[in-house]
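Counting from 283, one number per residue, gives the positions in the sequence shown under our numbering.
The C-beta atom is built at its ideal place from N, Cα and C for all residues, glycine as well.
A quick write-up on the structure given underneath.
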Amino acid sequence: MSAEPASGTPVAPPRRLSFHVFRHDPANPDAAPHFERFELDEAPGMTLFIALNEIREQLDPSLAFDFVCRAGICGSCGMVVNGRPGLACRTLTKDLPADITLAPLPTFKLIADLSVDTGTFMRGMSERLETWVHEIGAEADLTRIEAAMDPDLADRIYELDRCIECGCCVAACGTARMRPDFVGAVGLNKIARFALDPRDGRSDADFYELVGNDDGVFGCMTLLGCHDVCPKQLPLQTQIAFLRRKMVKAGVS
Ligand code: SF4
Ligand code: F3S
Ligand code: FES
């Protein structure tokens, strides 16, 4: 039955949303992974962030999930929403069916329920790939580091720097499931970014040393799940192709 507001215009009742939420506490040896169902009325502008907070406040204070910024910036709220990795804070319930299944990102270590440890992976990947500007040969480099950068090139680098390390690309990647040391599209994107940067003194051969292997660009099977799910719409397909060309230029194919 529709509610009648004072104006007499019928207003549809809110949708009843049914959330099937993965629950597990790996620290508890007696706990078994399972899904639990919660129901909520949908509200205008409701995101999964808002819905999960309502569930925690009104239905189950023990539900674990991660959020910091609520604005698609910190990368901490990645989860699998109806089978697809995405950011909970940027996902509107109105864009989903009434039945919503939420699961933690695979590949990463489960902390509890929807909360995973992406930090250990990101840190390990960053250290292995040395994702910082390398200065080589102090004197010559000062000129290079201080030189004005072409604005178009600066834009291309800035575009790749928009990665928020949410882990969605890794969770969507079949290679990452099979190879625990695969650097993922997030790692390949970072190397493409530093390979573009004229302030970085590393050569193509240096980049080859880092990603010219099966845990790097040669492990990528061009499955492109990464490109499809990246919430920042980074051009991951283009970056992977760019790195392959770099490898060929460095004499490797
Ligand atoms: Fe997330 Fe995209 Fe960065 Fe992958 S490349 S970590 S999906 S922002
Ligand atoms: Fe994985 Fe993306 Fe390559 S999904 S296999 S990194 S194209
Ligand atoms: Fe920061 Fe979602 S809470 S990206």
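Item                                                                                                                                                                       : Value
So for residue 402, helix, strand or coil by DSSP?                                                                                                                         : helix
Pairing CB atoms from the region 433-453 with CB atoms from the region 473-485, are three or more of them under 8 Å?                                                       : yes
Here's the rule: buried if 16 or more other CB atoms are within 10 angstroms of the residue's CB, otherwise exposed. What is residue 511?                                  : buried
What residue does the beta strand (DSSP E) around residue 360 start on, and which one ends it?                                                                             : 360-363
Can you give, in chain order, each stretch of the alpha helix (DSSP H) that sits fully within the region 319-347 and has at least 4 residues?                              : 330-336
For residue 417 versus residue 375, is the C-beta distance shorter than 8 Å?                                                                                               : no
Assuming residue 457 and residue 494 are in contact, meaning their beta carbons sit under 8 Å apart, how far apart are those beta carbons, in whole angstroms?             : No, residue 457 and residue 494 are not in contact; Cβ-Cβ is about 15 Å, not under 8 Å.
Within the region 292-316, note down every full beta strand (DSSP E) run reaching 3 residues or more, in order along the chain.                                            : 298-305
I need the DSSP call for residue 383, collapsed to helix, strand or coil.                                                                                                  : strand
Does the beta-carbon of residue 446, which I'm using as the reference point, lie nearer than 7 Å to any heavy atom of ligand 3?                                            : yes
Can you name the start and end residues of the alpha helix (DSSP H) that residue 376 belongs to?                                                                           : Here residue 376 belongs to no alpha helix (DSSP H), and DSSP marks it neither H nor E.
Would you kindly work out how many angstroms separate the C-alpha atoms of residue 300 and residue 461, rounded to a whole number?                                         : 35 Å
So, at 8 Å on beta carbons, what are the nonlocal neighbours of residue 284 in its own chain, with the 5 sequence-adjacent residues on each side left out?                 : Since pLDDT at residue 284 reaches only 44, below the 50 mark, its modelled position is unreliable, and no value is offered.
If you run the structure through DSSP and keep just helix, strand and coil, what is residue 285?                                                                           : Unreliable placement is indicated for residue 285, whose pLDDT of 46 sits below 50; no coordinate value is reported for it.
For residue 387 versus residue 453, is the C-beta distance shorter than 8 Å?                                                                                               : yes
Please look up how many angstroms separate the CB atoms of residue 446 and residue 514, rounded, as I've assumed it's under 8 Å.                                           : 6 Å
Return the bridge partner residues of residue 472 from the DSSP annotation.                                                                                                : In the DSSP output, where bridge partners are listed per residue, residue 472 has none listed.
Return the chain-ordered list of same chain residues with a C-beta closer than 7 Å to the C-beta of residue 286, the five sequence neighbours on each side being excluded. : Residue placement at residue 286 cannot be trusted, given a pLDDT of 49 that sits under 50; what the coordinates show is reported in the next sentence. Hits under 7 Å: 292.
Quick one: grab the DSSP three-state call for residue 408.                                                                                                                 : helix
Sorted by chain position, which residues of the same chain lie with C-beta nearer than 7 Å to residue 499's C-beta, five sequence neighbours on each side aside?           : 470, 493, 522, 525, 526, 529
Is the Cβ-Cβ distance between residue 337 and residue 364 less than 8 Å?                                                                                                   : no
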